[in-house]
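Notes follow the structure.
In the numbering used here, the protein residues as written are 74 to 233.
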């Protein structure tokens, strides 16, 4: 595990120190030049705080703002979130497209599949997200967390 972490740290350093970024706030500069604060973590990662800091609704709201464009494969399937979704051959033929636009509906906990029709979109299917839960995303099981009561997370003192 130490070797993997060292390799990851090296690659992150190469990416941030040697490759200019096209991101708007970097303006073509190296990420570490544009954001020198990246050299120092504001707080060390603490696995014990992960569940307390994690906000599933924030993740779902973020995903709802993204449109995924997926190609329908030859088996009439589309992959999203590690899941394959199958559509019948007749339905795919009726859509007259080989691409689906996919969004997350955070209220219904569903993937919304649409096709482009001119300047608009037509919803053609809704499927449960299944794997958009705390355990699947974080790897931590809230049932095994052992925090039966709220606790205060310590924050670093920042003079200023």
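Think of the CB as a built atom: it goes at the ideal place given N, C-alpha and C, for glycine as much as any other residue.
All values reported here derive from a predicted model rather than from experimental measurement.
Check whether the Cβ atoms of residue i and residue j sit closer than 8 Å, and answer yes or no.
i	j	result
residue 176	residue 125	no
residue 142	residue 179	no
residue 187	residue 205	no
residue 95	residue 102	no
residue 189	residue 171	no
residue 184	residue 210	no
Once you ignore the five residues that flank residue i on each side, which residues in its own chain have a CB closer than 6 Å to its CB?
i	result
residue 160	149
residue 221	Because residue 221 sits at a pLDDT of 48, beneath the cut-off of 50, its placement in the model cannot be relied upon, and the following sentence gives the value as read from the coordinates. Excluding residues within five positions, none has a Cβ falling inside 6 Å.
Report the residue from the options whose alpha carbon sits nearest the alpha carbon of residue i.
i	options	result
residue 191	169, 203, 209	169
residue 195	152, 151, 167	167
residue 182	197, 213, 129, 217	129
residue 197	163, 213, 75	163
Counting C-beta neighbours from all protein chains within 10 Å, is the total for residue i 16 or more, i.e. buried, or is it exposed?
i	result
residue 104	buried
residue 140	exposed
residue 202	buried
residue 151	buried
Please report the distance separating the alpha-carbon of residue i from that of residue j.
i	j	result
residue 158	residue 208	21 Å
residue 84	residue 90	10 Å
residue 79	residue 127	26 Å
residue 119	residue 165	47 Å
residue 98	residue 108	9 Å
residue 199	residue 147	21 Å
residue 131	residue 81	27 Å
residue 106	residue 100	10 Å
residue 217	residue 122	14 Å
residue 112	residue 193	45 Å
residue 114	residue 213	23 Å
residue 86	residue 75	16 Å
residue 110	residue 77	24 Å
Take residue i and list the residues in its own chain whose beta-carbon comes closer than 8 Å to its own, dropping the five residues that flank it on each side.
i	result
residue 215	124, 207, 208
So, at 7 Å on beta carbons, what are the nonlocal neighbours of residue i in its own chain, with the 5 sequence-adjacent residues on each side left out?
i	result
residue 233	Because the pLDDT of residue 233 is 49, which lies under 50, any placement of that residue in the model is unreliable, and the question is left without a value.
residue 155	204
Is residue i near the ligand ADP - that is, is its Cβ less than 7 Å away from at least one heavy atom of it?
i	result
residue 203	Ligands in the displayed structure: none, and consequently the ligand ADP is not present.
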